[in-house]
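Numbering (my numbering), first residue to last: 4 to 92. Ideal Cβ placement from N, Cα and C applies to all residues, glycine included. Scroll down for the structure; my scribbles are underneath it.
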């Protein structure tokens with residue numbers, strides 16, 4: 004809040020699982036068994052999607068649009084926020 008008097012807004016974007024190449028790395032590192040890397044990725048995405056009220060994981064555009072909004076003049080009165088980009092989780 005100390006930067007607000009200087010008209011500097013500070014907000015955080017807190018994404019859930021985002022559909023990127025990293026999802027495969029996370030799946031491979033956290034799911035044991037004889038599954039292929041693609042099967043592990045699919046399992047992770049399916050399990051995560053099942054817990055997301057909006058029924059899908061985020062994509063990079065979801066995060067980018069949030070960043071663009073928070074950087075715009077439309078959000079010039081928003082500061083000190085943690086914005087969850089998680090589909091409702």
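Rounded to the nearest angstrom, what separates residue i and residue j at their Cα positions?
i: residue 76; j: residue 52; result: 33 Å
i: residue 42; j: residue 27; result: 9 Å
i: residue 30; j: residue 19; result: 15 Å
i: residue 10; j: residue 37; result: 54 Å
i: residue 12; j: residue 39; result: 45 Å
i: residue 72; j: residue 24; result: 25 Å
i: residue 46; j: residue 32; result: 13 Å
i: residue 34; j: residue 50; result: 12 Å
Give a yes or no on whether the C-beta atoms belonging to residue i and residue j are separated by under 8 Å.
i: residue 21; j: residue 55; result: no
i: residue 16; j: residue 86; result: yes
i: residue 90; j: residue 59; result: yes
i: residue 7; j: residue 82; result: yes
Tell me, please, which residues DSSP counts as bridged to residue i.
i: residue 18; result: 88
i: residue 61; result: 21
Check each candidate in the options and name the one with the smallest Cα separation from residue i.
i: residue 61; options: 32, 82, 48 and 14; result: 48
i: residue 67; options: 80, 88 and 84; result: 88
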